[in-house]
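Using my numbering, you'd call the opening residue of the sequence shown number 29 and step up by one each time.
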Amino acid sequence: MSQEPRIADVYGPGTHTDRTFIPVPQDTQRTFLAFTGDDFPAISGPIKAVSVAAALHAMAGVVADEILTLRGVENKKRKITVNTTHASLWFGNIATDII
């Protein structure tokens with residue numbers, strides 16, 4: 029999480045929200061994954077759908093890396109990079125089926 033001040037208990041006890049907008053690439057700099065993409069989300073809204081989509085794609089990359097490690101193809105220099113703009117299009121593709 030970023031070091032920005034947060035508003036506590038916005039949606040109930042134990043929840044919080046940022047006081048100012050923080051782009052996903054900046055908010056996740058301390059993790060071992062690299063997130064790239066536009067600062068502002070392609071899909072606007074308070075639920076951070078773009079962040080969720082990017083996290084799901086990152087998890088798929090981490091699982092793939094673990095499988096390669098188990099199969100003996102470990103590489104300590106391997107980098108997992110997720111483009112948040114491209115990952116957000118995944119949600120857009122789901123919505124076009126409904127429309």
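For every residue, glycine included, the Cβ atom is placed at its ideal position computed from N, Cα and C.
Query, Result
"With 16 other Cβ atoms within 10 Å as the buried cut-off, status of PHE156", "Because the chain here runs from 29 to 127, residue 156 falls outside it and cannot be looked at."
"Sequence-distant residues of its chain with Cβ nearer than 8 Å to ARG47 (five each side left out)", "GLU32, PRO33, ARG34, ILE35"
"Own chain partners of ASP66 with C-beta closer than 6 Å, once the 5 adjacent residues on each side are dropped", "THR113"
"Limits of the beta strand (DSSP E) - the one that VAL110 falls within", "109 to 111"
"Which residues DSSP lists as bridging ARG34, in chain order", "ASP46"
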